Amino acid sequence: MIKRRHLIAGNWKMNLDVKESVKLVESIAPHIADLDEVDVLIAPPFTSLGAVNNAIGNSGIKLGAQNMHWEMNGAYTGEISGPMLKEAGCTHVILGHSERRILFKETDDLIDLKVKAAVVQGLIPILCIGETLEERENGKTFDVIKNQLDNSLLYLRKNNAGMPVSTILAYEPVWAIGTGRTASGEQAQEVHHFIRKWIKEEFNDETAARVRILYGGSVNPDNVADLMSQPDIDGGLVGGASLKADLFIKIMHFQNKLL
Ligand code: PGA
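Residue numbers for the sequence shown follow the working numbering, so the first one is -15 and each next one is one higher.
Right, here's the structure in full:
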């Protein structure tokens, strides 16, 4: 059986200036060495990427961006491309976050273009999907998830090479983001299992066994162990709690609570 390494990823959103970003990385970095089979990633705002990359040094923390444009360059005022992110030290990019979908009207078609660009340009996409409260209450969770997967991963589904096994998916129920309301381990596992089954059907067993599926939505030191103990949950995408060094360090060390 393939063992997947957990990934704890911090999505800083539009928070922290350069100085605060560097300070936060410097607080987290010394706590990476004693982690066992757990990867750590942070996604600061664009303006902090360069300085954070320097501060990361060889600590092993991975660097991600929160968004990107699908073209390499051109007349796209206000946008950032994959090659620019790579130059700043990024290996990963969060795509299709519900805040981008809802507040900035990003559609699955557009997210599919971004996933394609990331893969072609050598960045690892962290594709976010998730239902709203209304959709959950109307029993539409699985339809919504399937639809988002079908359409945001259209390029990869048609790609002869399939989906790179390094691709990361993140299930983030919209009703749990920034609300303090978390899906229970069981609720999240149900959806993660559905997503892994979808990968198996669309791609193959090997891809389904290797692709990591993160959970996001009010992850904190108290609920992380329950979530991470679920068989199909391979890590967390952490918003609010990733901005506080003590909370994020506790979340990274969720295994101490599993013992
Ligand atoms: P939250 O955000 O942990 O603050 O709920 C998670 C996310 O939006 O990725």
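A virtual CB, placed ideally from N, CA and C, is assigned to each residue, including glycine. From a predicted model like this one, the values you see are computed outputs, not experimental measurements.
Looking at residue i and the ligand PGA, is the gap between the Cβ and the nearest heavy atom below 6 Å?
i, result
"Ile161", "yes"
"Gly80", "no"
"Gly200", "yes"
"Gly224", "yes"
"Asn(-5)", "yes"
"Leu(-9)", "no"
"Leu25", "no"
"Leu111", "no"
"Leu94", "no"
"Leu153", "no"
"Leu87", "no"
"Leu221", "yes"
Please state if the CB of residue j and the CB of residue i are separated by a distance shorter than 7 Å.
i, j, result
"Ser43", "Val2", "no"
"Leu79", "Val104", "no"
"Val77", "Met52", "yes"
"Ile197", "His15", "no"
"Gly34", "Ala72", "yes"
"Thr125", "Val158", "no"
"Met202", "Gly169", "Strictly speaking, residue 202 in this sequence is Ser, with Met absent from that position. Going by C-beta atoms, Ser202 is not nearer than 7 Å to Gly169."
"Phe187", "Ala209", "no"
Which whole-angstrom value is the C-beta distance of residue i and residue j, which I expect to be below 8 Å?
i, j, result
"Leu153", "Ile113", "7 Å"
"Leu211", "Asn(-5)", "With a Cβ gap of about 16 Å, Leu211 and Asn(-5) do not count as contacting."
"Asp227", "Leu(-9)", "Residue identity differs from the one stated: residue 227 is Leu in this sequence, not Asp. Not confirmed; about 18 Å, so no contact."
"Ala229", "Ile12", "6 Å"
"Trp182", "Lys142", "Not a contact, Cβ separation roughly 16 Å."
"Leu133", "Asp96", "11 Å between Cβ atoms; not a contact."
Sort the options by Cα distance to residue i and report the nearest one.
i, options, result
"Ile(-14)", "Gln50, Asp216 and Ala225", "Asp216"
"Leu69", "Ala49, Asp206 and Lys184", "Ala49"
"Ala258", "Asn240, Gly200 and Gln239", "Nothing about residue 258 can be reported from this structure: the residues present for the chain run from -15 to 243 only."
"Asp189", "Met147, Arg165, Glu174 and Ala209", "Met147"
"Cys74", "Asp96, Glu121, Ile179 and Ala102", "Ala102"
"Thr166", "Asp218, Pro205 and Thr191", "Pro205"
"Tyr139", "Leu94, Asp23 and Asp20", "Leu94"
"Ile161", "Val22, His177, Glu90 and Ile86", "Ile86"
"Lys(-3)", "Phe30, Arg(-11), Val175 and Val24", "Phe30"
"Leu231", "Asn207, Ser150 and Thr91", "Asn207"
"Lys7", "Phe88, Val22, Asp23 and Asn37", "Asn37"
"Gln214", "Thr191, Glu174 and Ala193", "Glu174"
"Gln171", "Thr91, Arg120, Arg84 and Ile110", "Arg120"
"Ile235", "Val195, Arg(-12), Glu4 and Val24", "Val24"
Looking at the ligand ADP, does it come within less than 6 Å of residue i, judged from the CB to the closest heavy atom?
i, result
"Leu117", "This structure lacks the ligand ADP; the ligands present are the ligand PGA."
Check your understanding: What are the start and end residues of each continuous alpha helix (DSSP H) run of 4 or more residues lying completely inside the region 29 to 80, in chain order?
Key -> For the region 29 to 80, the continuous alpha helix (DSSP H) assignments of 4+ residues that do not extend past its boundaries occur at 33 to 40 and 66 to 71, in sequence order.
**Study point:** 3-residue-minimum beta strand (DSSP E) runs that sit fully inside the region 177 to 201, ordered along the chain
**Key:** Whole beta strand (DSSP E) segments, 3+ residues: 196 to 200.
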